[in-house]
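J.: In the numbering used here, each number is its position in the sequence shown, counted from 1, plus 2. What follows is a single structure, and I will ask about it in a moment.
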Amino acid sequence: MFRDRAEAGRALAAELAPVLSGPCVVAAIPRGGVAVALPIVERLRVPLTVAYARKLTAPFAPEFAFGALDEDGQMVLDPESVAGLGLGPDDVEKAKAWVWAEIQRRMTLYRVPPLAHHLPGAAVVLVDDGLATGLTMRAALEYARRHGAREITVAVPCAATEAAERFRRAADRFVSLIVDDAFTAVGTYYEDFSPVTDEDVVAMLARAQQLAAPADPPEPGLRVSFKNSLGRELAGLLLVPASGGPHPVVVFAHGWGSGKDSPRNRAVAHALRAEGFAAFLFDFTGHGDSGGTLEESTPAQQVDDLGAALDLLEALGDVDGGRMGVVGASSGAAVALLRAAEDARIRALVLRSANPEGAEAAAPRVKAPALLIVGEHDAPIRILNEELLRHLGGPRRLEVVPAGDHLFAEPAALRQASALTVGWFKKHL
């Protein structure tokens with residue numbers, strides 16, 4: 003038995019440390035899985051996020067899972083359990099609606115970039131406090147596969163034999179400290195199996211963020227707020243060179259679940275500032291310190307948010323409204339493309355790890371010079387970018403960065419991506 007989830011997590015970390023190599027992200031199934039995962043990220047010093055998967059149950063059997071749902075709204079079902087419980091399609095849909103609302107509530111409350119933010123390309127460690135049927139873990143694994151995880155490790159302190167066999171086949175690696183033929187319930191393997199609250203989860207995620215991101219020196223920038231068309235307050239950070247302006251300015255459109263505090267965007271912004279550019283980082287609706295909800299943060303709303311940021315910068319004296327560029331990262335690249343297709347104020351674009359989904363039809367209308375930057379190890383995105391390159395309507399180039407992944411976690415790869423970004427804007431702004 004384990005004393006508690008923290009002890010189980012420390013023991014699991016000792017097993018994982020020798021077998022994991024290269025950049026990875028730990029994704030915990032809330033809420034108990036987060037308590038197991040925290041000691042793992044404390045030892046491995048890797049990012050921690052949440053796999054928003056949750057079991058589906060019937061009201062008359064709340065502990066018995068007949069399926070599970072992920073944050074994309076995709077279900078996995080156990081047909082035998084559905085039939086055994088006597089559930090019809092309406093019963094399944096009611097359970098799905100309730101669980102979907104709970105997943106959305108947790109996403110809004112926990113406010114960490116979802117697992118998809120780190121994908122495709124990253125290795126993923128999926129963590130829970132134990133596996134009985136394994137349906138929730140199965141939903142999380144299928145979600146990670148669907149979003150392009152490079153390698154998936156399923157790691158738990160304890161598991162039923164049947165579940166263990168299933169994940170030895172389904173995952174690239176399966177690690178469980180206890181595998182039991184006579185498995186009854188996860189809680190029987192812990193002396194202290196107290197419920198983990200939402201407040202506990204928020205505190206543990208904050209602790210993990212501190213571990214993954216060393217404290218930065220005081221930011222040489224101006225924190226500003228502005229409003230979008232919904233009247234929501236958006237939060238931004240403007241970095242301005244020490245020399246006199248007005249300066250050309252580059253706006254950052256971050257990916258889903260990220261924000262103005264993205265360490266990659268921050269690094270590129272500082273590189274631009276050192277070369278005489280102003281840089282503006284801001285949080286889309288429902289992200290970071292901005293108002294609104296994630297549900298309101300649709301692609302159309304993010305395009306509107308980017309326009310509001312350009313409006314703000316155009317009115318400032320320290321920046322040159324005639325020389326504005328945009329960096330779009332991951333899904334933020336689609337936002338940048340959609341805005342550039344209709345807004346001539348955007349004079350140049352850099353799209354890093356671009357996921358252009360939803361903006362393909364707009365690409366031919368983008369006349370601003372566009373640089374596409376992808377990592378060598380981000381194969382799915384590279385294919386999308388090669389296709390996008392053919393359809394852009396203005397000057398364009400594709401650069402593949404050696405050793406780069408989707409997040410440019412390798413410092414040398416990030417430095418090269420920064421240098422390419424600065425060079426492109428020097429040429430076109």
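Quick reminder that beta carbons are idealized off the backbone N, C-alpha and C, glycines included. Here the structure is a predicted model, which means the values were calculated and not measured.
P122: which of A415, G406, D313 sits nearest, CA to CA?
T.: The sequence position of residue 122 within the sequence shown is 120, counting from 1. That would be G406, whose Cα lies nearest to the Cα of P122.
J.: Helix, strand or coil for V368 per DSSP?
T.: As a position in the sequence shown, residue 368 is number 366, starting the count at 1. Correct three-state label for V368: coil.
J.: Please go through the same chain and pick out, in chain order, the residues whose beta-carbon is closer than 8 Å to the beta-carbon of Q304, but skip the five residues on each side of it.
T.: Along the sequence shown, one-based indexing puts residue 304 at 302. Cβ within range, chain order: A255, F286, T287, G334, V337.
J.: Counting only the same chain and skipping the five closest in sequence on each side, list residues whose C-beta sits under 7 Å from that of V321.
T.: For this step, residue 321 is matched to residue 319 along the sequence shown. Closer than 7 Å at Cβ, skipping near neighbours: G247, P248, H249, V251, A280, L315.
J.: Per DSSP, which one or two residues make a beta bridge with A27?
T.: Here the question's residue 27 lines up with position 25 in the sequence shown. The sequence given here has Val at residue 27, not Ala. In DSSP, V27 forms a bridge with V126.
J.: Whose C-beta lies closer than 8 Å to the C-beta of P366 among residues of the same chain, with five residues either side of it excluded?
T.: Working through the sequence shown from its first residue, we reach residue 366 at position 364. So the list reads H393, L394, G395, once near-sequence residues are dropped.
J.: Alpha carbon to alpha carbon, how far is Y145 from I154?
T.: Position 143 of the sequence shown, counting from 1, holds the residue named residue 145. Position 152 of the sequence shown, counting from 1, holds the residue named residue 154. Rounded to whole angstroms, Y145 to I154 spans 11 Å at the Cα level.
J.: Check P64 in the structure and name its three-state DSSP category.
T.: To locate residue 64, count along the sequence shown from 1; it is residue 62. The answer is strand: DSSP assigns P64 an E or B state.
J.: Rounded to whole angstroms, what is the Cα-Cα separation between V188 and W100?
T.: By one-based count along the sequence shown, residue 188 stands at place 186. By one-based count along the sequence shown, residue 100 stands at place 98. About 24 Å.
J.: For R225, count neighbouring C-beta atoms within 10 Å of its own C-beta (all shown protein chains included) and say buried if the count is 16 or more, exposed if not.
T.: Counting from one through the sequence shown, the residue named residue 225 turns up at place 223. So R225 ends up on the exposed side.
J.: Using the three-state DSSP reduction, which class does G327 fall into: helix, strand or coil?
T.: Stepping through the sequence shown from its first residue, residue 327 is reached at position 325. It is a strand residue.
J.: Give me, in chain order, the residues of the same chain whose beta-carbon lies closer than 7 Å to that of A210; leave out the 5 immediate sequence neighbours on both sides.
T.: The residue given as residue 210 occupies position 208 in the sequence shown. L40, V43, L50, listed in sequence order.
J.: If we require 4 or more residues per run, which alpha helix (DSSP H) segments fall completely within the region 176-227?
T.: Counting only runs of 4 or more, we get 200-214.
J.: Work out the CA separation of W102 and G75 for me, nearest whole Å.
T.: In the sequence shown, residue 75 corresponds to position 73, counting from 1. In the sequence shown, residue 102 corresponds to position 100, counting from 1. Rounded to whole angstroms, G75 to W102 spans 7 Å at the Cα level.
J.: Does M3 come out as helix, strand or coil in the three-state DSSP assignment?
T.: Locating residue 3 in the sequence shown gives position 1, counting from the first residue. Reduced to three states, the DSSP call for M3 is coil.
J.: In the DSSP assignment, what are the bridge partners of F282?
T.: Here the question's residue 282 lines up with position 280 in the sequence shown. L240, V253, per the DSSP bridge assignment.
J.: Check L317 in the structure and name its three-state DSSP category.
T.: Position 315 of the sequence shown, counted from the first residue, corresponds to residue 317. Position check: residue 317 holds Ala in this sequence, whereas Leu was assumed. Correct three-state label for A317: coil.
J.: Contact between the region 408-423 and the region 347-366 is defined here as three or more beta-carbon pairs at a separation below 8 Å; is this criterion met?
T.: Verdict: yes, contact present.
J.: Going by DSSP, what residue range makes up the alpha helix (DSSP H) through V402?
T.: Working through the sequence shown from its first residue, we reach residue 402 at position 400. It is not in any alpha helix (DSSP H) - V402 instead sits in the beta strand (DSSP E) that spans 398-403.
J.: With 16 other CB atoms within 10 Å as the buried threshold, where does K429 fall?
T.: Mapped onto the sequence shown, residue 429 falls at position 427. When all chains shown are included, K429 counts as exposed.
J.: If Y452 and M109 are in contact, beta carbons under 8 Å, what's the gap, nearest whole angstrom?
T.: The requested residue 452 is not part of the displayed model; the chain covers only 3 to 431.
J.: DSSP three-state label for A85, please.
T.: On the sequence shown, position 83 is the one that residue 85 refers to. DSSP places A85 in helix when its eight states are reduced to three.
J.: Taking only beta-carbon positions, decide if A165 is within less than 7 Å of chain B.
T.: Of the chains in the structure shown, none is chain B; there is only one protein chain.
J.: Let's see if you can read the secondary structure: which residues bound the beta strand (DSSP E) around V156?
T.: Your numbering for residue 156 matches position 154 in the sequence shown. Here the beta strand (DSSP E) through V156 covers 153-162.
J.: With a threshold of 6 Å on Cβ separation, who are the neighbours of A37 within its own chain once the five nearest residues in sequence on each side are excluded?
T.: Here residue 37 refers to the residue found at position 35 when the sequence shown is read from its first residue. Counting only Cβ-Cβ distances below 6 Å, and skipping sequence neighbours, we find R7, V198.
J.: Hey, V84 and L128 are a contact pair by Cβ (cut 8 Å); roughly how many whole angstroms apart?
T.: For the purposes of this step, residue 84 is identified with residue 82 of the sequence shown, where counting begins at 1. For the purposes of this step, residue 128 is identified with residue 126 of the sequence shown, where counting begins at 1. V84 to L128, Cβ: 24 Å. No contact.
J.: Once the 5 residues before and after G35 are set aside, which same chain residues still bring their CB inside 7 Å of it?
T.: On the sequence shown, residue 35 is found 33 positions in, with the first residue counted as 1. Hits under 7 Å: V129, D130, D131.
J.: Looking at C-beta atoms only, is the number of pairs between the region 12-31 and the region 180-196 that lie closer than 8 Å three or more?
T.: No contact exists between the region 12-31 and the region 180-196.
J.: Can you tell me where the alpha helix (DSSP H) holding V36 begins and where it ends?
T.: For the purposes of this step, residue 36 is taken as the residue at position 34 of the sequence shown. Segment 34-46, the alpha helix (DSSP H) holding V36.
J.: Could you work out which residue in L308, A173, A134, T163 is closest to L143 when comparing CA atoms only?
T.: Residue 143 sits at position 141 when you count from the first residue of the sequence shown. Per the Cα distances, A173.
J.: Take V424 and list the residues in its own chain whose beta-carbon comes closer than 7 Å to its own, dropping the five residues that flank it on each side.
T.: Position 422 of the sequence shown, counting from 1, holds the residue named residue 424. So the qualifying residues of the chain are A273, L274, E277.
J.: Which residues does DSSP pair with I348 in a beta bridge?
T.: Sequence index remark: in the sequence shown, residue 348 carries index 346 (1-based). Beta-bridge pairing links I348 to M326.
J.: With a 10 Å radius around its C-beta and 16 neighbouring C-beta atoms as the bar for buried, classify V21 as buried or exposed.
T.: Residue mapping note: residue 21 aligns to position 19 of the sequence shown, counting from 1. The residue in question, V21, is exposed, as its Cβ has fewer than 16 Cβ neighbours within 10 Å.
J.: What separation, rounded to the nearest whole angstrom, lies between the Cα atoms of R147 and F4?
T.: Translated into positions along the sequence shown, residue 147 becomes position 145. Translated into positions along the sequence shown, residue 4 becomes position 2. Approximately 31 Å between the Cα atoms of the pair.
J.: So, helix, strand or coil for A70, using DSSP?
T.: The residue labelled residue 70 in the question sits at position 68 within the sequence shown. Residue state, collapsed to three classes: strand.
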